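One structure below.
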Amino acid sequence: MEGRIKEIKYSKRFLQKLFKQTKFIARDKPYAAEKFEIELLRETLKIAQTPFAYKKSPFFNDENIREMIFKGYRVVFKIFETEIKVFGFNKWEETLKM
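Spelled out as structure tokens, the structure:
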């Protein structure tokens, strides 16, 4: 299953949590919130190049569920045959459900 994945998709829940966090940051620093969101989404696009290079998520018994840490946040994704689904976004110390 290793190789270039064609598409990154984001779950509705991931996007809602990202929006909520961005909105929270924007209360004090609107520019920082926009920068955070852009940088995070840019980093998730890099996952497609080498998805199995990322750490296996300790919350799931599935080799295809991986995670990256971005500025203290856990971004969790599942690798499929033709796409990667990004579904988890929370502080690194919080537990996660799919």
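The numbers in this note's numbering rise by one with no breaks, and the one at position 24 of the sequence shown is 966. Every residue gets a Cβ at the ideal spot worked out from N, C-alpha and C, and that includes glycine. Computed from a predicted structure; not experimentally measured.
**OP:** Would you list the one or two residues that DSSP bridges to Arg1008?
**Re:** Along the sequence shown, one-based indexing puts residue 1008 at 66. Lys998 and Phe1019, per the DSSP bridge assignment.
Original post:
Can you find at least 3 beta carbon pairs, one from the stretch 983 to 995 and one from the stretch 1006 to 1025, that sit closer than 8 Å?
Top reply: yes
**OP:** Can you check DSSP and say which residues form a bridge with Gly1030?
**Re:** Walking along the sequence shown from the start, residue 1030 turns up at place 88. Val1018, per the DSSP bridge assignment.
**OP:** Whole angstroms is fine: what's the gap from Ser999's alpha carbon to Ile1021's?
**Re:** As a first step, residue 999 must be located in the sequence shown, where it is residue number 57. As a first step, residue 1021 must be located in the sequence shown, where it is residue number 79. Cα to Cα, Ser999 sits roughly 12 Å from Ile1021.
Subject >> Where Met943 sits in the DSSP three-state scheme >> reply: For the purposes of this step, residue 943 is taken as residue 1 along the sequence shown, with counting starting at 1. With a pLDDT of 49 at Met943, under the threshold of 50, the modelled position of that residue is not reliable, and the figure given next carries that caveat. Met943 falls in the coil class under three-state DSSP.
Original post:
Since Lys1013 is in the alpha helix (DSSP H), which residue starts that stretch and which ends it?
Top reply: Here residue 1013 is taken as the residue at index 71 of the sequence shown, counted from 1. From DSSP, Lys1013 is part of no alpha helix (DSSP H); its letter is neither H nor E.
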